[in-house]
């Protein structure tokens, strides 16, 4: 198999030839058809997430075909198309798992971070944390759903029944969740970096009622805001944009420090919440909803060997939508 491997924090990924991995008990081996590139991959490569398994193969928005199964695995069967997400395993016995909050598991494994991921031709995954993708016939289009879509969906649920919702950072997650919002009859307000007219135009083309710079005030108060951009300074900006009782949901796994802000921005029962990982229930809900909502992903493909280029383009904001590696 071929893989792009992170051997040292901050270093470019290295192309390697490896023996094909063999699935153990409860595991499957997936022949990777596509793996989207997520901002979390940048956080892993840049060392903003602590204690990765090194060396590690990044990538956690995986779509592929099961080509081998380990002992004890009946489903998914060989030949099934599956998606493999960020949460690669949960212990199943801690208090969080026992209360339906496996996203907060005390002893988890994360794909592309603490176990090898999908920047490769093959990956071994926990069968119980892999999702059949019946009806998803385009693996490139489906790949961004495995994180941008799933984390976006969990963030949207945490935003509550907001009629007017602001999306800060209009990248892979926002361009998916904006479509879900419109399907649900919500008004979308898109916030981008100043001068990013391409992202603003994309947001408007997907049905956003308004698009502008993150520093701007929306034309009317929001019921909730979701921050996909990992910029702590956007928290007080979003608090200033939401109405009384509004929620600000931080959708990323890493964010720069939140600066001090006056209590009056939080007062009147505004809330700041964070999203951690996902549950399998989130995935089941979203993968059933996405086709009904008519979600279409905008993707830019790269060969596996160009993984470093894809990461650099993501860091620099050189494209709209999602980058996808195609082995």
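Residue numbers (our numbering): -2 to 324.
C-beta: ideal position from N, C-alpha, C; glycine also.
Model, not experiment: these values are computed from the prediction.
Helix, strand or coil at residue i [DSSP, three-state]
i           : result
residue 178 : helix
residue 154 : helix
residue 94  : helix
residue 14  : strand
residue 295 : coil
residue 68  : coil
residue 148 : helix
residue 38  : helix
residue -1  : strand
residue 46  : coil
residue 213 : coil
residue 315 : coil
residue 173 : helix
residue 51  : coil
residue 320 : strand
residue 9   : coil
residue 226 : coil
Best match in the options for proximity to residue i [C-alpha to C-alpha]
i           : options               : result
residue 189 : 56, 168 and 52        : 168
residue 51  : 4, 170 and 92         : 4
residue 270 : 261, 318 and 250      : 250
residue 31  : 159, 201, 59 and 37   : 59
residue 116 : 304, 318, 319 and 309 : 304
residue 175 : 200, 57 and 194       : 200
residue -1  : 33, 97, 6 and 14      : 14
residue 130 : 6, 61 and 105         : 61
residue 87  : 203, 106, 239 and 264 : 106
residue 194 : 317, 26 and 45        : 317
residue 181 : 198, 205, 197 and 196 : 205
residue 47  : 7, 96, 212 and 119    : 7
residue 278 : 57, 268, 214 and 96   : 96
Proximal residues to residue i (C-beta, below 7 Å), its chain only, five neighbours per side dropped
i           : result
residue 302 : 12
residue 312 : 39
residue 156 : 162, 221, 223, 244 and 246
residue 280 : 82, 128 and 147
Own chain, CB closer than 8 Å to residue i, minus 5 neighbours either side, in chain order
i           : result
residue 328 : Outside the displayed span of the chain (-2 to 324) sits residue 328, for which this structure offers no information.
residue 21  : 67, 68 and 121
residue 24  : 66, 67, 70, 121, 122, 123 and 124
residue 177 : 149, 150, 153, 286, 287, 290 and 292
residue 217 : 161
Nearest-angstrom beta carbon gap, residue j and residue i [assumed within contact, 8 Å]
i           : j           : result
residue 29  : residue 324 : 5 Å
residue 49  : residue 110 : 5 Å
residue 296 : residue 138 : 6 Å
residue 171 : residue 187 : 7 Å
Neighbourhood of residue i by C-beta, 6 Å cutoff - its chain only, sequence neighbours within 5 removed
i           : result
residue 166 : 225 and 226
residue 233 : 258 and 262
residue 276 : 99 and 100
residue 321 : 31, 33, 137, 140, 296 and 298
residue 133 : 139
Exercise. Taking only runs that begin and end inside the segment 179 to 207, name each unbroken alpha helix (DSSP H) of 4 or more residues, in chain order.
Key: 194 to 202
Quiz item: Which runs of the alpha helix (DSSP H) fall wholly inside the segment 81 to 137 and span at least 4 residues, in chain order?
Solution: 92 to 95
Practice problem: Ignoring anything shorter than 3 residues or poking outside the segment 242 to 290, list the beta strand (DSSP E) runs there in chain order. | Solution: 268 to 271
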